[in-house]
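Peer 1: This is the structure I want to talk about, given as structure tokens.
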Amino acid sequence: MSSQAHLHETTRRKGGPVNRTTAAGSLATCVIALAAAPGVPAHAKNGDTHIVGQGLEQTIDCNDATLLVNGTQNKVTALGNCWAVTVMGSGNTVVADSVTHDITVYGWDETVFYHNGSPIIWDRGRELGMTNRLQQVPG
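Heads up: the sequence shown begins at 1 in the UniProt record's numbering, then just goes up one per residue.
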């Protein structure tokens, strides 16, 4: 047996050939099913608030949207309800009336206090050995 014939014999797959019409039909069915599936409703609103800088002091209305603070030594008072609060940098302080979904903190020496809500608390800085303060406080 020649080496070419041997190669052909050892690489032959089991089973019959794939019918391209069947494969295309299955793919089309999958695409249609995904397009028809209802999406997960978004709870956050447009108009998220971004505060970026150093040493800023601001009072904002969260308006059920997400508050994102990025920088150093910023002090933010968030009135109303925030969908979520995300803080990045170092030495930032956020005091929120209410947070619905989550509080996520990256960085070091960050403080986020909230009065109402049951948000998911995700302290990414602490995972890396940094110290942050995230907690519910009386209103």
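Think of the CB as a built atom: it goes at the ideal place given N, C-alpha and C, for glycine as much as any other residue.
Span of the beta strand (DSSP E) holding Gly71?
Peer 2: The residue given as residue 71 occupies position 71 in the sequence shown. 66-72 is the extent of the beta strand (DSSP E) around Gly71.
Peer 1: Find the nearest neighbour of Val94 within the set Val52, Gly80, Glu110, judged by alpha-carbon distance.
Peer 2: Translated into the one-based positions of the sequence shown, residue 94 becomes position 94. Checking every option, the nearest Cα to that of Val94 belongs to Glu110.
Peer 1: For Glu127, which three-state DSSP category applies?
Peer 2: Taking the sequence shown and counting its residues from 1, one reaches residue 127 at position 127. If DSSP states are grouped into helix, strand and coil, Glu127 belongs with the helices.
Peer 1: Between Thr66 and Trp83, what straight-line distance do the alpha-carbon atoms span, to the nearest angstrom?
Peer 2: On the sequence shown, position 66 is the one that residue 66 refers to. On the sequence shown, position 83 is the one that residue 83 refers to. Cα-Cα distance, rounded: 5 Å.
Peer 1: Taking buried to mean at least 16 other C-beta atoms within 10 Å of its own C-beta, is Pro138 buried or exposed?
Peer 2: Here the question's residue 138 lines up with position 138 in the sequence shown. Exposed is the call here.
Peer 1: Taking the alpha-carbon positions, what's the Gly71 to Met88 distance?
Peer 2: On the sequence shown, position 71 is the one that residue 71 refers to. On the sequence shown, position 88 is the one that residue 88 refers to. In a straight line, the C-alpha of Gly71 is about 6 Å away from that of Met88.
Peer 1: With Thr86 and Thr104 assumed to form a contact (beta carbons below 8 Å), what rounded beta-carbon distance in angstroms separates them?
Peer 2: On the sequence shown, position 86 is the one that residue 86 refers to. On the sequence shown, position 104 is the one that residue 104 refers to. Confirmed, about 5 Å.
Peer 1: Name the residue from Val76, Leu68, Ser98, Gly129 whose alpha carbon lies nearest to the alpha carbon of Gly55.
Peer 2: As a first step, residue 55 is located in the sequence shown; it is residue number 55 there, counting from the start. Among Val76, Leu68, Ser98, Gly129, the Cα nearest to that of Gly55 belongs to Val76.
Peer 1: Would you say Gly125 reaches chain C, if we count a Cβ-Cβ gap shorter than 8 Å as a contact?
Peer 2: Among the chains of the structure shown, chain C does not appear; only one protein chain is present.
Peer 1: Excluding the 5 residues flanking Arg124 on each side, which residues of the same chain have their C-beta closer than 7 Å to its C-beta?
Peer 2: As a first step, residue 124 is located in the sequence shown; it is residue number 124 there, counting from the start. Correct list, in chain order: Thr104, Val105, Tyr106.
Peer 1: Evaluate Ile120 with the Cβ neighbour count: other Cβ atoms within 10 Å of its Cβ, from every protein chain shown; 16 or more gives buried, anything less gives exposed.
Peer 2: Position 120 of the sequence shown holds residue 120. Classification of Ile120: exposed, given that the 10 Å Cβ count is below 16.
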